[in-house]
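K.L.:
Written out as structure tokens, the structure reads:
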């Protein structure tokens, strides 16, 4: 198992739509294990494969990372099949968008379908923090960052600050 590098904004790789997972095999299981280790190490509560340079429909998440493994889940090729209501995710952040948080409007409740790490179909309903996190990670698989959901002014201010930061490194 390895800790992978997390790709950060403004890398254009983060804006591409991932390819669906075609084969659930040993190589995929290694990617999943590396993603899990990377998520806990970061630390974060969710990680999409695109964030670590893997162009595949995989997310790992654990909304209670203080007890690693207790609520750990893997979703392959997840899709939001239903969303309802509206909630503002206060202070949403992202491992790929360092040093920035913002309020983001999301569905309050969602239904998600996909596969577990062994290829078995999964259908789950989520609300609250779980719904917000799943929408955030599935956005990654669709080439969207949470800053794409904030005002253009906030996005531009962050972009300028980030580019200046990268120039000074």
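Residue numbers (my numbering): 59 to 227.
Where is the CB? At the ideal position from N, CA and C, for every residue including glycine.
#1: Please confirm whether residue 116 and residue 155 have their CB atoms less than 8 Å apart.
#2: Select from 71, 191, 83 the residue whose C-alpha is nearest the C-alpha of residue 122.
#3: Could you tell me whether the segment 155-168 touches the segment 74-85, using the rule of 3 or more Cβ pairs below 8 Å?
#4: So, using beta-carbon positions, are residue 109 and residue 153 closer together than 8 Å?
#5: Can you give me the start and stop residues for the beta strand (DSSP E) that residue 164 sits inside?
#6: Comparing alpha-carbon positions, which option in 128, 161, 135 lies nearest residue 144?
#7: Express the C-alpha separation of residue 222 and residue 185 in angstroms, rounding to a whole number.
#8: Go ahead and pull the three-state DSSP assignment for residue 198.
#9: Near residue 175, what residues of its chain come up, given a Cβ to Cβ distance below 6 Å and the 5 sequence neighbours on each side ignored?
#10: Determine the closest residue to residue 232 out of 203, 64, 84, 111, with distance taken between C-alpha atoms.
#11: May I have the straight-line CA-CA distance separating residue 141 from residue 169, to the nearest angstrom?
#12: In three-state terms, what does DSSP make of residue 119?
#13: Report the CB separation of residue 138 from residue 120 in whole angstroms; it is logged as a contact under 8 Å.
#14: Checking 8 Å against the spacing of the C-beta atoms, do residue 96 and residue 61 come in under that value?
#15: Please state whether DSSP places residue 186 in a helix, a strand or coil.
P.N.:
Concretely, from the data shown:
#1: To locate residue 116, count along the chain shown from 1; it is residue 58. To locate residue 155, count along the chain shown from 1; it is residue 97. Not in contact: residue 116 and residue 155 (Cβ atoms no closer than 8 Å).
#2: As a first step, residue 122 is located in the chain shown; it is residue number 64 there, counting from the start. Residue 122 has its Cα closest to that of 191, out of 71, 191, 83.
#3: no
#4: Taking the chain shown and counting its residues from 1, the one referred to as residue 109 is at position 51. Taking the chain shown and counting its residues from 1, the one referred to as residue 153 is at position 95. Going by C-beta atoms, residue 109 is nearer than 8 Å to residue 153.
#5: What you label residue 164 is simply residue 106 of the chain shown in a count that begins at 1. It spans 155-164 - the beta strand (DSSP E) in which residue 164 sits, taken as one unbroken run.
#6: To locate residue 144, count along the chain shown from 1; it is residue 86. Closest option to residue 144, Cα to Cα, is 161.
#7: One-based indexing of the chain shown puts residue 185 at position 127. One-based indexing of the chain shown puts residue 222 at position 164. Those two C-alpha atoms are separated by around 37 Å.
#8: Taking the chain shown and counting its residues from 1, the one referred to as residue 198 is at position 140. Residue state, collapsed to three classes: helix.
#9: Counting from 1 along the chain shown, the entry for residue 175 is found at position 117. The answer, listed in chain order, is 90, 132.
#10: An answer regarding residue 232 cannot be provided, because it is not within the stretch 59 to 227 covered by the chain.
#11: The residue given as residue 141 occupies position 83 in the chain shown. The residue given as residue 169 occupies position 111 in the chain shown. Straight-line Cα distance between these residues: approximately 6 Å.
#12: Taking the first residue of the chain shown as 1, we reach residue 119 at position 61. Of the three classes helix, strand and coil, the one that applies to residue 119 here is strand, per DSSP.
#13: In the chain shown, counting from the first residue as 1, residue 138 sits at position 80. In the chain shown, counting from the first residue as 1, residue 120 sits at position 62. 20 Å between Cβ atoms; not a contact.
#14: Start at 1 with the first residue of the chain shown, and residue 96 comes out as number 38. Start at 1 with the first residue of the chain shown, and residue 61 comes out as number 3. Contact: yes.
#15: Numbered from 1 along the chain shown, position 128 holds the residue referred to as residue 186. Note: residue 186 maps to helix in three-state DSSP.
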